[in-house]
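Protein chains: 2
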Amino acid sequence: MARTPQDVTDAELALMHQLWDAGPLTIRQLTDALYPGGGPSQYATVQKLLERLEDKDYVLRDRRTNIHVFSATVDRDGLIGRRLQSIADKLCEGSLAPILSHLVKGNLSAKERLSLRKLIDELDDTPRR
Amino acid sequence: MARTPQDVTDAELALMHQLWDAGPLTIRQLTDALYPGGGPSQYATVQKLLERLEDKDYVLRDRRTNIHVFSATVDRDGLIGRRLQSIADKLCEGSLAPILSHLVKGNLSAKERLSLRKLIDELDDTPRR
DNA sequence: AGGATAGTAAGACAGTTTGTCTGATATGTC
DNA sequence: GACATATCAGACAAACTGTCTTACTATCCT
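Chains as they are written, first to last, in the working numbering: chain A, 31 to 159; chain G, 31 to 159.
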């Protein structure tokens, strides 16, 4: 059957957003932020979601401290990249070029075109990272 | 709980690819293409997938003919657009700009930069379509 | 006309995924 | 030692997704 699960689930994504915005956090901190006034059940939910994120290597758990601290191993831009590649794989035979051209052709104001051109100029100067 | 289902499923996407590449098709034609040598079960599977795609308005069913003919209502580029917007909504507060800059910054050869610049030039000439 | 053939229609079904929760067990503090 | 708070392990139901069965209808052929 081979279904393809989501890379990061909606509920998991909420945690990632928190970790991205507020740095390494504990389960307690995450629970308070995402389920204000939540009880032990919500705490456990956050814990389970973090466990799954850790399994998928989207999150790192620091076990040295007694109370574990979690941090994102993939940043926002990294996740954007993975999802873009996924679109490319499924719809563009793996190439990102059609996506880029879709975006450029799609909806780009004159101002955006200008800043985009400038961005390309910078890349010309900085040959390769 | 509110899980968000996929816009187009993997199995459904296979049908879309076929419809994009080979124009309007019947269930039989789709079955033969995707499940070569498939029996009535596979036929029914294709039928069910088409029914779901029709419900989601990704496919149009022509019922005038006795044997229904199916065609895509969203083209490849359209689906790319929807998925890009979905990424933007979940990761960039709805804006496509960060995605564009990700792609441009990411991995772009000198040649690609050149053709991209040319593409922008064309857009400057063709003010707004 | 009558039966084989092929189509549509409706829904059952199981395996996963995903969000949520419960209970058991440690660990540290006062 | 009691208590609050952690971790750990796993149960659970709802929904999603791919697949299949069955019933019914229309067409074609000799």
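Glycine included, C-beta positions come from ideal geometry on N, C-alpha and C.
Alpha helix (DSSP H) runs wholly inside the region 66-112 of chain A, at least 4 long, in chain order: 70-85
Leu-126 (chain G) beta carbon less than 9 Å from that of Leu-133 (chain A): Contact: yes.
Own chain partners of Leu-90 (chain G) with C-beta closer than 6 Å, once the 5 adjacent residues on each side are dropped: Ser-101 and Thr-103
Rounded straight-line distance, which links the Cα of Pro-128 (chain G) to that of Asp-40 (chain G): 27 Å
Cβ neighbour criterion (16 or more within 10 Å) applied to Ile-97 (chain A): exposed
Reduced DSSP category for Leu-55 (chain A) - H, G, I as helix; E, B as strand; rest coil: strand
Proximal residues to Arg-106 (chain A) (C-beta, below 7 Å), its chain only, five neighbours per side dropped: Trp-50
Between the CA atoms of Leu-55 (chain A) and Val-99 (chain A) - distance to the nearest angstrom: 5 Å
Alpha helix (DSSP H) segment containing Gly-124 (chain G), residue limits: No alpha helix (DSSP H) contains Gly-124 (chain G), which DSSP labels as neither H nor E.
Buried/exposed call for Leu-144 (chain A), threshold 16 Cβ in 10 Å: exposed
Option nearest Glu-123 (chain G) by Cα separation, candidates A:Pro-70, A:Arg-33 and A:Ala-44: A:Ala-44
Spatial neighbours of Gly-111 (chain G) in its chain, beta-carbon cut-off 7 Å, leaving aside the 5 residues before and after: If we look at Gly-111 (chain G) and ignore the five residues flanking it on each side, it has no Cβ neighbours.
Distance, Lys-135 (chain A) Cα to Arg-159 (chain G) Cα: Low confidence applies here, because Arg-159 (chain G) scores a pLDDT of 46, under 50, leaving its location unreliable; read the following figure in that light. So the alpha carbons of these two residues sit roughly 10 Å apart.
Proximity test, Cβ basis, 9 Å: Glu-142 (chain G) and chain A: yes
Local conformation of Thr-61 (chain G) per DSSP, three classes: helix
Cα-Cα separation between Gln-115 (chain A) and Gln-72 (chain A), rounded to whole angstroms: 33 Å
Through-space distance from Glu-142 (chain G) to Asp-1 (chain G), alpha-carbon basis: The structure shown has nothing for residue 1 (chain G), since chain G only spans 31 to 159.
Separation of Lys-120 (chain A) from Leu-149 (chain G), as counted between CA atoms: 25 Å
Option nearest Gly-108 (chain G) by Cα separation, candidates G:Leu-130, G:Leu-79, G:His-47 and G:Asp-151: G:His-47
Outcome for Thr-95 (chain G) when other beta-carbon atoms lying within 10 angstroms are tallied against a minimum of 16: exposed
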